[in-house]
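Peer 1: Respectively, the protein sequence lines represent chains A and B.
Our numbering puts the first residue of the first sequence at 1, with every later residue one more than the last.
Our numbering puts the first residue of the second sequence at 1, with every later residue one more than the last.
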Amino acid sequence: MKKIADKTVRWVLTASGFVTSVVILLIIGFLFTEGAGLFGEKVIEEGYVLAVNKDNPVRVLDAAQIKAVFDEDMTNWKEAGGPDLPIETFRLEDMDEYFTEEQLGPQYENAGTLITSLVASSPGMVAFVPESMIPDDARLVFIEDCNISPEEVFAGTEWYPTATPAPLFGILPLLAGTLWVSFFAILIALPFGISIAVYMSEVASERVRGFLKPVIELLNGIPSVVYGFFGLIIIVPLLQQVFGLPVGESGLAGSIVLAIMALPTIVTVADDAMRNCPGALREGSLALGATRWQTVARVVIPSSMSGIASGVVLGIGRAIGETMAVLMVTGNAAVVPHSILEPLRTIPATIAAELGEAPAGGAHYQSLFLLGVILFFITFFINLCVEYISSRNRAKNS
Amino acid sequence: MEKIEARDVNFYYGDFHALKGITMDIPQNKVVAFIGPSGCGKSTFLRLFNRMNDLIPGARLDGKILIDGQDIYAPGTQVDELRKNVGMVFQRPNPFPKSIFENVAYGLKVNGIRDKKFIARRVEESLRGAALWNEVKDKLDASAYALSGGQQQRLCIARAMAVSPSVLLMDEPASALDPISTAKIEELICELRSQVTIVIVTHNMQQASRVSDMTAFFYMGEMVEYDDTRVIFTNPSKEATQNYITGRFG
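(1) Short of 7 Å in beta carbon distance, which residues of its chain neighbour A/Ala353, apart from the five on each side in sequence? Order them along the chain.
(2) Comparing alpha-carbon positions, which option in B/Asn134, B/Glu222 and B/Lys3 lies nearest B/His17?
(3) Out of B/Leu188, B/Ser166 and B/Pro236, point me to the one whose CA is closest to B/Arg83's CA.
(4) Using a Cβ-Cβ cutoff of 7 Å, what residues of the region 25–58 of chain B are near chain A? List them in chain order.
(5) Assign B/Asp141 to one of two classes, buried (16 or more other C-beta atoms within 10 Å of its C-beta) or exposed (fewer than that).
(6) Quick one: which residues of the region 189–214 of chain A get their C-beta closer than 7 Å to a C-beta of chain B? List them in chain order.
(7) May I ask you to report which of helix, strand or coil DSSP gives B/Gly21?
(8) Run through DSSP, which three-state label would B/Gln206 get?
(9) Return the Cβ separation of A/Tyr48 and A/Pro130 in integer angstroms, given the expectation that the two are a contact with Cβ distance under 8 Å.
(10) Looking only at its own chain, which residues have a Cβ that is under 7 Å from the Cβ of A/Tyr108, when we skip the five neighbours before and after it?
(11) Could you compute how far the alpha carbon of A/Phe154 sits from the alpha carbon of A/Ser205?
(12) Tell me which residues of the region 295–309 of chain A have at least one Cβ-Cβ distance to chain B shorter than 9 Å, keeping chain order.
(13) Please report the residue range of the alpha helix (DSSP H) in which A/Arg10 lies.
(14) Can you give, in chain order, each stretch of the alpha helix (DSSP H) that sits fully within the region 117–165 of chain A and has at least 4 residues?
(15) Any idea if B/Asp8 is buried or exposed, counting beta-carbon neighbours within 10 angstroms, 16 or more meaning buried?
(16) Could you check the C-alpha separation between A/Val43 and A/Thr162 for me, to the nearest Å?
(17) Does A/Gly289 get closer than 8 Å to chain B when you measure Cβ to Cβ?
(18) Quick one: what's got a C-beta closer than 8 Å to A/Thr14's C-beta in the same chain, skipping five residues either side?
(19) Which of the three DSSP states, helix, strand or coil, is assigned to A/Ser398?
(20) Quick one: using the 10 Å Cβ neighbour count with 16 as the cut-off for buried, is A/Val126 buried or exposed?
(21) Please classify A/Lys54: is it buried, with 16 or more other beta-carbons within 10 angstroms of its beta-carbon, or exposed?
(22) Between A/Leu371 and the rest of its own chain, which residues show a CB-CB distance below 7 Å, the 5 nearest in sequence each way excluded?
(23) Taking 8 Å as the threshold (beta carbon to beta carbon), is A/Ala270 in contact with chain B?
(24) Which stretch, first to last residue, makes up the alpha helix (DSSP H) that contains B/Glu135?
(25) Name, in chain order, the residues that DSSP records as bridge partners for B/Phe218.
(26) How would you call A/Gly311, buried or exposed, if buried means at least 16 neighbouring beta carbons within 10 angstroms?
(27) If I measure Cβ to Cβ from A/Ser390 and keep anything under 6 Å in the same chain, skipping five residues before and after, which residues do I get?
(28) Excluding the 5 residues flanking A/Arg282 on each side, which residues of the same chain have their C-beta closer than 8 Å to its C-beta?
(29) Near A/Gly82, what residues of its chain come up, given a Cβ to Cβ distance below 7 Å and the 5 sequence neighbours on each side ignored?
(30) When DSSP builds the beta bridges, which residues end up paired with B/Ile198?
(31) Check the Cβ of B/Pro236 against every Cβ in chain A and list those closer than 7 Å, keeping chain order.
(32) Which value, in whole angstroms, describes the spacing of the CA atoms of A/Thr330 and A/Val247?
(33) Flag this pair as yes or no: are the beta carbons of A/Asp71 and A/Lys78 separated by less than 8 Å?
(34) Would you tell me roughly how many angstroms separate the C-alpha atoms of A/Glu245 and A/Gly231, rounded to the nearest one?
(35) Which value, in whole angstroms, describes the spacing of the CA atoms of B/Glu225 and A/Thr268?
(36) Would B/Val211 and B/Val31 qualify as a contact pair, given that the criterion is a beta-carbon distance under 8 Å?
Right, dumping it as structure tokens:
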């Protein structure tokens with residue numbers, strides 16, 4: 001009887017462990033396959049073509065060039081390696097400017113032929129039209145549609161996932177936004193965190209510490225949306241006034257909110273590390289005529305360095321993955337920031353803001369998964385750092 | 001000449017009366033051993049000489065302790081200056097998590113000495129003085145934790161001696177060491193007595209008889225007997241001392 005119970009328990013434990021691991025692996029696998037799918041997508045929207053006059057020698061445009069052409073940033077075929085000829089663009093929305101309603105017919109049944117002849121007669125024209133509208137016998141050429149390349153994703157400086165005809169998925173602005181915000185958050189949180197930890201472990205009486213520590217740990221439990229709200233109401237207007245900014249929503253606002261959010265982690269871990277500093281080391285230092293502060297600065301902090309460092313890295317980990325609070329205060333401009341006082345946008349905020357409007361399975365949707373993969377790698381790397389630092393710590397203490 | 005004078009010292013941990021009316025004189029450049037069973041107050045008494053007990057909340061002292069005629073508990077006493085003059089070696093080796101060189105240089109640096117040449121010279125002198133120089137001279141930048149326990153304890157002695165104290169307190173300095181390391185520490189104590197007054201707490205009576213000039217026997221917070229080591233170990237005047245050194249209790 002006992003044996004059967006024993007076996008059942010073992011079986012249940014094994015099964016639950018196995019199922020959990022499989023589910024986690026499946027989630028990661030899903031993330032990766034969806035993310036990698038982006039590179040199988042075409043640059044130009046599905047079902048559409050870019051048609052040009054048959055005399056135009058330009059056959060290849062990359063996504064950034066297509067966008068420049070249709071934004072009228074690029075106005076001459078010369079810039080795309082073609083002849084010296086002004087570029088004219090044609091979208092379906094422009095139809096009314098070229099043709100009358102009688103010409104088009106009540107059901108727009110003549111649109112295809114009309115557009116075809118328009119492009120055929122104007123050498124500098126490029127038309128963004130549905131493939132099905134172009135008659136089979138039309139003497140037009142289409143711009144070659146290539147796959148989205150890793151280069152334009154990982155080295156691209158523009159994130160316009162909803163642009164037509166060719167969306168841009170350059171992740172650099174988002175990556176830079178994430179790193180800037182996190183970096184400044186740590187820069188702010190570190191001095192405060194360490195001073196609070198030193199105060200709590202070295203200066204505060206047991207009673208003060210007994211009160212302060214739970215309060216600081218309580219900060220961990222506040223939902224991030226509340227922090228975001230606080231940031232939006234207090235920090236954003238404050239920054240706007242102090243720095244005279246046109247808008248207060250900026251990377252710095254995000255950094256400050258994140259710093260406040262990372263503080264409890266840093267303080268708790270650093271305080272524990274410093275309290276675990278052996279009393280013998282303190283006594284040794286004091287017995288040599290060092291003052292209390294010399295002891296803290298030269299012995300306690302260095303010997304708790306690995307504990308403090310893991311607190312900081314855990315804090316960074318939280319800052320990098322944080323979504324809501326950052327989304328609310330950073331202004332969400334997907335451009336590579338030149339200063340921390342400009343609006344910027346982070347990877348998690350992008351995923352949260354855009355996933356709802358991205359059609360499932362499309363390039364935009366897949367690009368968000370790719371962002372997820374990148375975030376996964378960043379936090380994975382950070383966790384490895386924590387693991388490394390604390391394993392070194394264990395080795396030193398044994 | 002008396003180096004340390006204790007006058008009617010009473011010490012309390014909260015309500016606990018740990019030291020009861022101790023009066024003793026410790027002469028200059030002698031080695032004085034404190035012996036007695038665990039909990040008898042000998043370590044507590046030792047730690048009064050460099051005010052290490054200040055760190056304990058709720059501790060209280062009555063009476064006077066004078067070093068070189070100065071009351072070290074007088075208001076306005078610079079505790080860090082006192083501790084520079086009264087070095088201490090602890091029961092377990094407690095090197096800092098720094099290099100060997102930095103460990104010895106630590107006391108000099110916290111006392112405001114910046115002169116690199118002077119520090120390097122003092123580090124070498126101290127390590128030689130602690131009979132450690134030949135073992136570590138090629139790896140001064142290595143972590144102190146790479147040394148053996150006995151070497152670490154000698155490093156701690158070098159560290160204490162680097163700031164040129166006139167008194168060295170040793171709280172069971174060899175109790176965590178093997179016999180060979182212990183012998184080296186004892187040898188060192190005999191060499192150092194020309195430079196400093198040494199007060200050593202020990203559980204090991206052979207050690208007390210080997211290294212000390214005078215021995216004090218403590219029991220239950222009182223100093224039972226204090227005399228030349230030879231007298232204490234051959235012809236003690238109190239029965240309790242006799243019983244303790246012959247191993248009948250303790």
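Yeah, the Cβ is synthetic: ideal placement off N, Cα and C, and Gly gets one too.
Peer 2: With the structure as the only source:
(1) Around A/Ala353: Leu327 and Asn332.
(2) Across the set B/Asn134, B/Glu222 and B/Lys3, the C-alpha of B/Glu222 shows the shortest separation from the C-alpha of B/His17.
(3) Of B/Leu188, B/Ser166 and B/Pro236, the residue nearest in Cα terms is B/Ser166.
(4) With the criterion set as a beta carbon lying under 7 Å from some beta carbon of chain A, the members of the region 25–58 of chain B are Asn50 and Met52, in sequence order.
(5) With fewer than 16 other Cβ atoms within 10 Å, it is exposed.
(6) Using a CB distance below 7 Å, no part of the region 189–214 of chain A faces chain B.
(7) If DSSP states are grouped into helix, strand and coil, B/Gly21 belongs with the strands.
(8) Secondary structure of B/Gln206 (DSSP, three-state): helix.
(9) Contact annotation, A/Tyr48 with A/Pro130: C-beta distance approximately 6 Å; criterion of less than 8 Å satisfied.
(10) For A/Tyr108, where only same-chain residues beyond five positions count, there are no Cβ hits under 7 Å.
(11) Near 52 Å, if we compare the C-alpha coordinates of A/Ser205 and A/Phe154.
(12) For the region 295–309 of chain A, residues whose beta-carbon sits nearer than 9 Å to a beta-carbon of chain B comprise Thr295, Arg298, Val299, Pro302, Ser303 and Met305.
(13) For A/Arg10, the uninterrupted alpha helix (DSSP H) run begins and ends at Lys2 to Ala36, by DSSP.
(14) Those alpha helix (DSSP H) runs which fall completely within the region 117–165 of chain A and span 4+ residues are 150–154.
(15) Counting other Cβ atoms within 10 Å of its Cβ, B/Asp8 stays below 16 and is therefore classed as exposed.
(16) Using only the alpha carbons, I get a separation of about 12 Å.
(17) Closer than 8 Å to some Cβ of chain B, the Cβ of A/Gly289 qualifies, so yes.
(18) Nothing listed; no residue qualifies.
(19) Note on A/Ser398: pLDDT 44, under 50, position unreliable in the model; no value is reported.
(20) Taking a 10 Å sphere around the C-beta of A/Val126, we find 16 or more other C-beta atoms and assign the residue as buried.
(21) It is exposed - the Cβ of A/Lys54 has fewer than 16 other Cβ atoms within 10 Å.
(22) Around A/Leu371: Ile171, Leu174, Ile347, Thr350 and Ile351.
(23) Using a CB distance cut-off of 8 Å, A/Ala270 does not count as an interface residue toward chain B.
(24) Where B/Glu135 is concerned, the enclosing alpha helix (DSSP H) stretches over Trp133 to Val136.
(25) Bridge partners of B/Phe218: B/Met223.
(26) Under this definition A/Gly311 is a buried residue.
(27) Hits under 6 Å: Ser310.
(28) Non-local C-beta neighbours of A/Arg282 in its own chain, meaning closer than 8 Å and more than five positions away in sequence, comprise Thr295, Val299 and Val300, ordered along the chain.
(29) Same-chain partners within the cutoff: Asn56, Pro57 and Val58.
(30) DSSP lists B/Val31 and B/Leu168 as the beta-bridge partner residues of B/Ile198.
(31) Those do not exist, as B/Pro236 stays about 32 Å from chain A at its closest Cβ, beyond 7 Å.
(32) Distance between the alpha carbons of A/Thr330 and A/Val247: 10 Å.
(33) No, Cβ-Cβ distance for A/Asp71 and A/Lys78 is not below 8 Å.
(34) First, the residue type needs correcting, since residue 245 of chain A is Leu and not Glu in the sequence shown. Between the alpha carbons of A/Leu245 and A/Gly231 lies a distance of about 16 Å.
(35) Straight across, the Cα-Cα distance linking B/Glu225 with A/Thr268 is about 51 Å.
(36) Yes; because the gap between Cβ atoms is below 8 Å, this pair is in contact.
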